[in-house]
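Numbering (our numbering), first residue to last: 447 to 601.
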Amino acid sequence: MAIRYPLAGRILFESKDDNGLSLRKWEYLHKAEENSSVALLATGERCLTVAMEVLKNVRAEGKDFHVINARFVKPLDLNFLTSLNCKHILTIEDNVQIGGFGSAVNTAVIHAKKSCTVRNFAYKDEFIVQGSVNELQKKYGVDSAEIQAYIEGLI
């Protein structure tokens with residue numbers, strides 16, 4: 447058994463929630479100034495870093511979208527998810543696609559009968575060769591360039 451403390455007490459991004467950490471609740475890291483058709487749900491330090499990098503690049507072009515810190519994967523924050531008023535929900539996770547966070551979001555969206563598309567950015571369910579994190583993210587399309595290109599095609 448191992449207990450992992452990946453952040454070692456570091457604060458990566460300031461919470462927009464004035465109430466502090468709420469158990470089983472997601473939060474906006476960035477809420478688009480105008481109603482956006484895209485919401486990017488990110489899990490974990492690596493994915494949040496990628497999401498915020500994409501946001502910075504897209505905003506530099508005068509476009510905007512929501513970034514959500516889906517800090518609790520199980521159970522999903524269904525109230526937050528079903529309240530999103532977006533045409534496109536994107537997920538990014540440092541995990542495999544099948545049976546991961548994105549799969550759970552897909553299922554929840556179907557059950558809630560939301561009329562939106564869902565696109566998951568995650569690793570393929572196959573043997574992953576060795577490499578640096580950056581190399582693997584690029585190879586499997588979980589890097590900022592791939593996600594940014596996809597978002598720019600939507601907005």
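Glycine included, each C-beta is placed from N, C-alpha and C at the ideal position.
Nothing here was measured: the structure is a model prediction, and the numbers come from that model.
Reference residue i, options the options, closest by Cα
i	options	result
N541	G490, V564, C532 and Q576	G490
N525	S549, K560 and A478	K560
R517	T563, A506 and L475	L475
Q594	D510, L522, A550 and T528	D510
R470	N515, C493 and L494	N515
A568	A558, V484, D589 and V519	D589
Distance between residue j and residue i (C-alpha atoms, nearest Å)
i	j	result
E473	Q576	33 Å
Q583	G508	26 Å
G599	P521	31 Å
G546	K477	25 Å
E592	A488	15 Å
Y451	L494	At Y451 the pLDDT is 48, less than 50, meaning the model places this residue with poor confidence; the figure from the coordinates comes in the next sentence. Taking the straight line joining both Cα atoms gives about 16 Å.
M498	G587	16 Å
CB contact flag (residue i, residue j, <8 Å)
i	j	result
V496	I538	yes
A554	L536	no
H512	A550	no
Assigned exposure category for residue i - 16 Cβ within 10 Å defines buried
i	result
I597	buried
I574	exposed
N531	exposed
N481	exposed
I544	exposed
L501	buried
H534	buried
S468	exposed
For residue i, the residue or residues it bridges with in DSSP
i	result
Y569	V542
H512	A485
V564	I535
Y474	I514
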